[in-house]
Amino acid sequence: MKRDYQKGWFFVLPVLILVAFNALVPMMTVVNYSVQETFGDNIFFWQGLDWFEQLLRSDRFHAALGRQFLFTGMILAIEVPLGIIIALSMPRQGPWVPVCLVLMALPMLIPWNVVGAMWNIFTLPDIGLLGYLMNHTLGIPYDMTQNPTAAWITIITMDVWHWTSLVVLLAYAGLVSIPDAYYQAAKIDGASGWSVFRYIQLPKMKTVLTIAILLRFMDSFNIYTEPFVLTGGGPGNSTTLLSIDLVKIALGQFDLGPAAAMSLIYFAITLLVSWVFYTLMTKDDAK
Amino acid sequence: MIRCISFILTVLLPLASAAQASGWGSVGAEPEPKGFSWTDPLWPEFWMAWTPATLVVFIGIFTAMAVITVIEIRSPGGAERRGILGLTTTRGDRLFISLLGSVYIFLAWLGIVGTPLWIPLGLAMLWATFCFWKV
């Protein structure tokens, strides 16, 4: 092996040091916390694996985990097909391309807590534009502060509004990279629109779509700010997703031990799913 | 007067000595130094809440990473192969799959059965052996 090749490591070193301090050291601390109990003042008592055992058998955790998977599953089921449809209907050339791209990128430029606040004000039943229209003009009962179904519809719609653009932009990048020759060949063969999509566009978009699904999975699985600002986890516990519950335990109840155990289980789930996606993504490259 | 003295002698004195024996009056005293414990705080003043037990876990993980790094330097290429799961894995991948799988084995055991964890430890070692051998 050439010696020069090793120099690359020195360029990566600053990043490694940074990651060590902002990820690795806190992570090790979380592991230490997860087997101990503290009442503050940096005093710890050994607790063993009790927190893990309690958590894995607690209905509260199961419910939050179930809500989290439901949320992530629903937004993936909506955002991915919708993103592909929008990307397919966007112009590939001409003056409208930059306009469409900027319009698509706009929701992603808004800070997460602002998105939550916007949708909160937009959907409040008495003063929000949508809330007022639904309840008082159209007469359809819609109150995301009281009704769990309405709250779920609101957080799903908010996430779709905020993040479908990411899928659109990635899918669009995949689409524009397809050479014209493919379409011409399809035209000569008399392929239908569906065949063009199925056998040309979809395979070419596969890699970027996997990245899109991976990013959307991780982001939505770790989502906190937007639903917290919008519903605060309510009404009741109906929109208390995993991270909201975690923050409640860690900062509300100040139970650092159980919160640390929960973080580690949370991390293990995210790690497993991300690894599965990563393996699927790179499986074809390795052949 | 006699009744008072006999009350002090028969009731209060034994009570006081019993209280003394159970630790009263020694609140401010330094605790007896105990022997080594895996679960006591390692550096009580430090914020990371280390205990010998958790330290050993991380030493184990970092040692495993160091070992595969040394092997990689000795024979580069990562011993890449296609295992029975249809995945192309290197030594690092196999270590990662072993560790991640072990986490799930332990968590599943804790959730379904509970402590102690000797059986899942055996299962995790079998899983790691399987990973390095076949995956």
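In the order they appear, the protein sequences are chains A and B.
Numbering-wise (my numbering), the first sequence opens with residue 22 and increments by one.
Numbering-wise (my numbering), the second sequence opens with residue -6 and increments by one.
Think of the CB as a built atom: it goes at the ideal place given N, C-alpha and C, for glycine as much as any other residue.
**OP:** Could you work out which residues of chain B lie near Trp67 of chain A, taking near to mean beta carbons separated by less than 9 Å?
**Re:** In the first sequence, residue 67 of chain A corresponds to position 46, counting from 1. Under the 9 Å cutoff, chain B gives Ser30, Trp31, Thr32, Asp33, Pro34, Thr44, Ala46.
**OP:** Keeping to the same chain, check which residues put their C-beta closer than 7 Å to that of Met165 of chain A; ignore five residues upstream and five downstream.
**Re:** Walking along the first sequence from the start, residue 165 of chain A turns up at place 144. Excluding residues within five positions, the ones whose Cβ falls inside 7 Å are Thr144, Ala171, Ala172, Thr175, Thr252.
Subject >> Inter-stretch contact (C-beta, 8 Å, three-pair minimum) for the segment 206 to 216 of chain A and the segment 145 to 154 of chain A >> reply: no
**OP:** Below 6 Å CB to CB, which residues in the same chain sit around Val268 of chain A once its five sequence neighbours on both sides are set aside?
**Re:** By one-based count along the first sequence, residue 268 of chain A stands at place 247. Hits under 6 Å: none found.
Original post:
Are the C-beta atoms of Val96 of chain B and some chain A residue less than 9 Å apart?
Top reply: Working through the second sequence from its first residue, we reach residue 96 of chain B at position 103. By this cut-off, Val96 of chain B is an interface position.
Original post:
Exposed or buried, what is Leu159 of chain A when buried is set at 16 or more other beta-carbons lying within 10 Å of its beta-carbon?
Top reply: If you number the first sequence from 1, residue 159 of chain A lands on position 138. Exposed: under 16 other Cβ atoms inside 10 Å.
Original post:
With burial defined as no fewer than 16 other Cβ atoms inside 10 Å of the residue's Cβ, what is the status of Trp102 of chain B: buried or exposed?
Top reply: Here the question's residue 102 of chain B lines up with position 109 in the second sequence. The residue is buried, with at least 16 neighbouring Cβ atoms inside 10 Å.
Original post:
How is the beta strand (DSSP E) around Phe89 of chain B delimited, first residue to last?
Top reply: For the purposes of this step, residue 89 of chain B is identified with residue 96 of the second sequence, where counting begins at 1. Counting along the chain, Phe89 of chain B falls outside any beta strand (DSSP E), though it belongs to the alpha helix (DSSP H) covering 84 to 105.
Original post:
Taking 9 Å as the CB-CB cut-off, is Phe275 of chain A touching chain B?
Top reply: To locate residue 275 of chain A, count along the first sequence from 1; it is residue 254. So no, Phe275 of chain A is outside the interface.
Original post:
How would you list, in chain order, the residues of chain B whose beta-carbon sits under 7 Å from the beta-carbon of Tyr54 of chain A?
Top reply: For the purposes of this step, residue 54 of chain A is taken as the residue at position 33 of the first sequence. Here the neighbours are Ala42.
**OP:** Count the other C-beta atoms from every protein chain shown that fall within 10 angstroms of the C-beta of Asp80 of chain A, then say buried if there are 16 or more, exposed otherwise.
**Re:** Locating residue 80 of chain A in the first sequence gives position 59, where the first residue counts as 1. Asp80 of chain A comes out exposed.
Original post:
Is there at least one Cβ from chain A nearer than 9 Å to Thr56 of chain B's Cβ?
Top reply: Here residue 56 of chain B refers to the residue found at position 63 when the second sequence is read from its first residue. Taking Cβ atoms only, chain A never reaches closer than 9 Å to Thr56 of chain B, which makes this a no.
Subject >> Chain-order list of residues whose beta-carbon lies under 8 Å from that of Glu247 of chain A (same chain, five-residue window excluded) >> reply: Within the first sequence, the letter at position 226 stands for residue 247 of chain A. Correct list, in chain order: Trp133, Asn134, Val136, Gly137, Trp140, Ile176, Met179, Asp180, His183.
**OP:** Consider the Cβ of Thr108 of chain B: report whether some Cβ of chain A lies at a distance smaller than 9 Å.
**Re:** One-based indexing of the second sequence puts residue 108 of chain B at position 115. True, the Cβ-Cβ gap to chain A drops below 9 Å.
**OP:** Kindly identify the DSSP beta-bridge partner or partners of Gln57 of chain A.
**Re:** Counted from its first residue, the first sequence places residue 57 of chain A at position 36. Beta-bridge pairing links Gln57 of chain A to A:Trp67.
**OP:** Between the Cα of Arg84 of chain B and those of B:Met41, B:Thr122, B:Trp43, spot the shortest distance and give me the residue it belongs to.
**Re:** The residue you call residue 84 of chain B lines up with position 91 of the second sequence. For Arg84 of chain B, the nearest C-alpha among the options comes from B:Thr122.
Original post:
So, are the CB atoms of Leu236 of chain A and Ala108 of chain A less than 9 Å apart?
Top reply: Reading the first sequence from its first residue, position 215 is the one you call residue 236 of chain A. Reading the first sequence from its first residue, position 87 is the one you call residue 108 of chain A. No, the Cβ-Cβ distance between Leu236 of chain A and Ala108 of chain A is not below 9 Å.
Original post:
Who does Thr81 of chain B pair with in a DSSP beta bridge?
Top reply: As a first step, residue 81 of chain B must be located in the second sequence, where it is residue number 88. Its beta-bridge partners are B:Arg75.
Original post:
Beta carbon of Glu73 of chain B, beta carbon of Thr62 of chain B: below 9 Å?
Top reply: Residue 73 of chain B sits at position 80 when you count from the first residue of the second sequence. Residue 62 of chain B sits at position 69 when you count from the first residue of the second sequence. Cβ distance not < 9 Å, so Glu73 of chain B and Thr62 of chain B don't count as in contact.
Subject >> Cβ-based neighbour list, Pro128 of chain A, same chain, cut-off 7 Å, excluding 5 preceding and 5 following >> reply: Start at 1 with the first residue of the first sequence, and residue 128 of chain A comes out as number 107. Result list for Pro128 of chain A: Trp182, His183, Ser186, in chain order.
**OP:** For Phe29 of chain B, name the three-state secondary structure that DSSP assigns.
**Re:** Translated into the one-based positions of the second sequence, residue 29 of chain B becomes position 36. Looking at Phe29 of chain B - three-state DSSP - the assignment turns out to be coil, as it is neither helix nor strand.
Subject >> Beta-carbon proximity list for Ala98 of chain A, same chain, < 6 Å, skipping 5 on both sides >> reply: To locate residue 98 of chain A, count along the first sequence from 1; it is residue 77. Once the five neighbours on either side are set aside, Ala98 of chain A has no close Cβ partner at all.
Original post:
Using the beta-carbon of each residue, which ones in chain A are nearer than 8 Å to Leu100 of chain B?
Top reply: The count along the second sequence starts at 1 and reaches residue 100 of chain B at position 107. Here the neighbours are Phe73, Leu77, Ile286, Ala289.
Original post:
Applying the criterion that 16 or more other CB atoms from any shown protein chain within 10 Å of the CB defines a buried residue, is Gly115 of chain B buried or exposed?
Top reply: In the second sequence, the residue the question calls residue 115 of chain B occupies position 122. Exposed, by the Cβ-count rule.
Subject >> Coil, strand or helix - Met41 of chain B by DSSP >> reply: For the purposes of this step, residue 41 of chain B is taken as residue 48 along the second sequence, with counting starting at 1. Correct three-state label for Met41 of chain B: coil.
Original post:
Where does the unbroken alpha helix (DSSP H) through Tyr193 of chain A begin, and where does it stop?
Top reply: Within the first sequence, residue 193 of chain A is the residue found at index 172, counting from 1. Note, Tyr193 of chain A: alpha helix (DSSP H), 169 to 197.
Original post:
Would the beta-carbon of Leu263 of chain A fall within 9 Å of that of Tyr299 of chain A?
Top reply: Translated into positions along the first sequence, residue 263 of chain A becomes position 242. Translated into positions along the first sequence, residue 299 of chain A becomes position 278. Not in contact: Leu263 of chain A and Tyr299 of chain A (Cβ atoms no closer than 9 Å).
**OP:** Measure how close the beta-carbons of Gln68 of chain A and Val56 of chain A come, nearest whole angstrom, since I'm counting them as under 8 Å.
**Re:** Walking along the first sequence from the start, residue 68 of chain A turns up at place 47. Walking along the first sequence from the start, residue 56 of chain A turns up at place 35. Correct: roughly 6 Å between the Cβ atoms.
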